[in-house]
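Beneath this line is the structure, given in structure tokens, with notes to follow.
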Amino acid sequence: MRDVAATLLALESMQSGWAGGLVASLPRSVRMVPNGGTPDLVLIDGCGSWVTLAHKWLALGARKILVIEPRRENSVDVAPLAHAVDAVGADLRLSETFPGNAAVASMREWMDPNYTEIVVNGFDSARPTEVLMKQLRVLRSIGLSHVALLQIRIVAAAYAAEGCAMLEGRNVQVRLTGAKCGAIPPQHEVIALSELQTARLVVYGGAEARPAEASLTTPSGKHQSPAIFQGAHRHALRAILQGAVLEGGSALRDFAEDAAISELAETPR
Amino acid sequence: MANSANGSRSILGVGIIGTGLAFQAIHARVLADLTPLFAITAVWDSDVQRSAAAAAWLDVRAARDLDDLLADPAVDLVVIASPARFHAAQAIAAMRAGKRAVLIEKPLCATPDEADEIATAARLSGAAVLVGAMHSSDPAWLAAEKVLAEANFAPSLVRSSIVIPPNACFEDWATEAVVDAQDVGAARSPMQPAELMRLCVLELAIHDLPLVRRLLPQGAAPCVLSARLRRPFGYAITLLAGGVLVDMSAIIHGNWETDWNLEATASDARLKVAFTPSFVPAGSGTMIWQTRQRTIVHEPAATNGYVGQWEAIAAILNGERPAPDPCDLAEDFRFAWTIAEQAVSLLEHEVPS
């Protein structure tokens, strides 16, 4: 029997199975839309041509779209999608494993203008510039904006970058390193440094619901956030089902900015 | 060698050159733990008051001067814990005086030429030269070396990251100053950025630079890409060596957290060594080696690198293992010095914002 409140969902994916568990984990809230039906929500697999698919669904009347793990698309293609979303009053959200982890909220809460430097390091099975993109997305998720990488060096399987960003209206130094490593599950660490406090976030890949670790060290001790065993995609799906705040195309505009930075890193200088 | 209780000459007599906090907090304590393997037999410091105080504390002879200490037959080997600018002359004098081993607190010396002179003196005299940088002898790093010897590990990124509270905390947990620092003229004017950067590399980063060099292709020369100082104290340096990116950073902050790591990442494997802080006998670091097939973990051991280096000296002098190649020590220093000078050069060319 269908719960009358269940959201009818359409799925656009080239991969089999990845979303089945996600949808099955919300048996009262979500049902797949019957053939020919109109979905309340569209889930798009971000490993394909998700920008094109999102345009298609907007044209078909979809007003809630969630893109799962969007790969870096050309920034000049993403910006028009943001306008299209806003033009029809739709809500398009991006769900990404690392920046979308529930523990990111704690880290974001701890960010204040006393931090002078944010250090990000990590490894992933992707190419260095894709690792960079993921780290830029993590920086964005903890409240940094206007990231400018002033120096970047990419070698075959690693990169190192230095730059600056804005954090609550103040300039903050950023230092990022990343490497390609397919031997073990990915991991990214963010460390925010100030003279007296250190905030730290470690996010892990490899298993959907492996909790991230977020901690705040002060002269008087260390606060560790509780472990939350819910992956970013389920968290995002629940948020969009609850309606929360309409994001329009703003997430896309941020994504386009980050994509532009990582595209620039690939440009020989 | 000093006489042991049964009349044999098995105890190694140690002469101390420079009796500041490194000697007090580290060597005096470790050597006391390693009795009867070693015994401090004489001390000398250019500051007469500190020399006398150290001698009285240990109930050993205060040498009149360096020559007097080096002429003492009860001194088999020396520890050089004086300022770096004196290391080369003192080490060479010790080797020429026939001392069997010289443990030089890091850095080895002040210039690459001095490093070569030390290496030459070591070859000519046959004396063992060791650099007092505890991570090279830390059981966690030794476990890493064992793994690396069997692996074809080619990292693309190496990171040396140091986050620690001020040294004073650890010194206080490790010793009591026999003579207060201000009584030996330690007060200094504020350092200029170039001097600070040299200090950062040659006194702090240098703990791990020989280890970093082991992770790079053989003979890789460093090219510093960016360098800056951090407040309240620290540095952030990026360099390229043999096609490998090296990220070196440190901060001495105002809270209690210690996080001292050496990491190297390749496409097929990853190494991480987490070290314990300086001065305190907090045991060894931990090592984790991960590949797709297996994970090897070295759990913290009871002893640390300070103990390890003294055990290494005993083993070398007993003929149980070879001494480090002095040319390699000189190359370690040249690597660190080059990074320091390139970092200083980048600071000096930086346009003020």
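Chains A and B supply the protein sequences, listed in that same order.
Per my numbering, the very first residue in the first sequence carries number 732; after that it's consecutive.
Per my numbering, the very first residue in the second sequence carries number -15; after that it's consecutive.
By construction, the Cβ of each residue, glycine as well, lies at the ideal position given by its N, Cα and C atoms.
These numbers were taken from a predicted model, which means no experiment stands behind them.
With burial defined as no fewer than 16 other Cβ atoms inside 10 Å of the residue's Cβ, what is the status of residue i: buried or exposed?
i	result
W125 (chain B)	buried
G937 (chain A)	exposed
E129 (chain B)	exposed
T783 (chain A)	exposed
T19 (chain B)	exposed
P310 (chain B)	buried
G2 (chain B)	buried
M118 (chain B)	buried
S93 (chain B)	Strictly speaking, residue 93 (chain B) in this sequence is Cys, with Ser absent from that position. Per the 10 Å Cβ criterion, buried.
R305 (chain B)	exposed
A158 (chain B)	buried
H237 (chain B)	buried
C184 (chain B)	buried
M232 (chain B)	buried
A33 (chain B)	Rather than Ala, the amino acid found at residue 33 (chain B) in this sequence is Gln. When all chains shown are included, Q33 (chain B) counts as exposed.
F259 (chain B)	buried
E827 (chain A)	buried
Q326 (chain B)	buried
R212 (chain B)	buried
V257 (chain B)	buried
G303 (chain B)	exposed
Counting only the same chain and skipping the five closest in sequence on each side, list residues whose C-beta sits under 8 Å from that of residue i.
i	result
E899 (chain A)	M842, D843, P844, G874
K83 (chain B)	G(-1), L54, V59, D60, L61, V62, A111
I971 (chain A)	L772, K795, L797, D822, R824
E997 (chain A)	T860, I885
L209 (chain B)	T222, L223, L224
A991 (chain A)	S806
I76 (chain B)	E101, I102, A105
Please state if the CB of residue j and the CB of residue i are separated by a distance shorter than 8 Å.
i	j	result
S872 (chain A)	P917 (chain A)	no
H896 (chain A)	V869 (chain A)	Here the sequence assigns Ala to residue 896 (chain A), which means His is not the residue at that position. Not in contact: A896 (chain A) and V869 (chain A) (Cβ atoms no closer than 8 Å).
C912 (chain A)	R254 (chain B)	yes
A888 (chain A)	A910 (chain A)	yes
L740 (chain A)	R762 (chain A)	yes
E1001 (chain A)	W781 (chain A)	Shown here, chain A extends from 732 to 1000; a query on residue 1001 (chain A) therefore has no answer.
T760 (chain A)	T738 (chain A)	Residue identity check: residue 760 (chain A) is Ser in the sequence provided, not Thr. Yes. Within cutoff.
A987 (chain A)	A793 (chain A)	no
Q8 (chain B)	V115 (chain B)	no
A38 (chain B)	D49 (chain B)	no
T847 (chain A)	Q904 (chain A)	yes
E926 (chain A)	P216 (chain B)	yes
R45 (chain B)	A26 (chain B)	yes
L(-4) (chain B)	L21 (chain B)	yes
A320 (chain B)	I190 (chain B)	yes
H786 (chain A)	A815 (chain A)	yes
Who are the Cβ neighbours of residue i in its own chain at under 6 Å, not counting the five residues just before and after it?
i	result
I235 (chain B)	V147, R214, G218
S956 (chain A)	A834, S837, A945
L947 (chain A)	W841, A930, H954
A387 (chain B)	Since the displayed chain B opens at -15 and closes at 337, residue 387 (chain B) lies outside it and no answer follows.
P201 (chain B)	G226
L229 (chain B)	L141
T242 (chain B)	I148, P261
P707 (chain A)	Outside the displayed range of chain A (732 to 1000) lies residue 707 (chain A), so it cannot be described from this structure.
L188 (chain B)	A234
Between which residues of its own chain and residue i is the CB-CB distance below 7 Å, once the five residues before and five after are set aside?
i	result
S744 (chain A)	A750, D776
H1002 (chain A)	Because residue 1002 (chain A) is not part of the residues shown, which for chain A are 732 to 1000, the question remains open.
P770 (chain A)	L739, L740, A741, V764, A793
M732 (chain A)	Legend: pLDDT at M732 (chain A) = 46, less than 50; position of this residue unreliable, value from coordinates given subsequently. If we look at M732 (chain A) and ignore the five residues flanking it on each side, it has no Cβ neighbours.
T249 (chain B)	P139, S140, L141
Q705 (chain A)	The displayed coordinates of chain A run from 732 to 1000. Any statement about residue 705 (chain A) would go beyond what the structure contains.
Closer than 7 Å: is that where the CB of residue i sits relative to any heavy atom of the ligand ATP?
i	result
E800 (chain A)	Among the components modelled here there is no ligand, and therefore nothing to report on the ligand ATP.
Got a sec: which bits of the segment 885 to 902 of chain A sit with their beta carbon under 9 Å from any beta carbon on chain B, in order along the chain? I885, V886, A887, A888, A889, Y890, A891, A892, E893
Contact between the segment 269 to 279 of chain B and the segment 61 to 71 of chain B (3+ Cβ pairs under 8 Å): no
Along the segment 936 to 967 of chain A, what residues have a CB closer than 8 Å to any CB found in chain B? T948, T949, P950, K953
Taking contact to mean at least 3 C-beta pairs separated by less than 8 Å, is the segment 820 to 828 of chain A in contact with the segment 973 to 987 of chain A? yes
Do the segment 219 to 235 of chain B and the segment 97 to 106 of chain B touch if we need at least three Cβ pairs shorter than 8 Å? no
Pull out every residue of the segment 915 to 928 of chain A whose Cβ sits closer than 7 Å to any Cβ of chain B, in chain order. Listed in chain order, the positions of the segment 915 to 928 of chain A with a beta carbon within less than 7 Å of a beta carbon of chain B are I915, L924, E926, L927, Q928.
Is the segment 253 to 269 of chain B in contact with the segment 287 to 301 of chain B, if contact means three or more CB pairs nearer than 8 Å? In this structure the segment 253 to 269 of chain B lies against the segment 287 to 301 of chain B, because at least three pairs of beta carbons, one per stretch, are closer than 8 Å.
Residues in the segment 254 to 286 of chain B with C-beta within 9 Å of chain A's C-beta atoms, listed in sequence order? Correct list: R254, Q274, T275, R276, Q277, T279.
Taking Cβ-Cβ distances below 8 Å as the criterion, which residues of the segment 220 to 231 of chain B are in contact with chain A? A220, T222, L224, G227, V228, L229, D231
Closer than 8 Å, Cβ to any Cβ of chain B: which residues of the segment 838 to 855 of chain A, in chain order? T847, E848, V850, N852, F854
Residues, ordered as in the chain, of the segment 109 to 143 of chain B that lie near chain A by beta-carbon distance below 7 Å: S140, L141, R143
The segment 871 to 885 of chain A: positions lying closer than 8 Å to chain B by Cβ: Residues Q882, R884.
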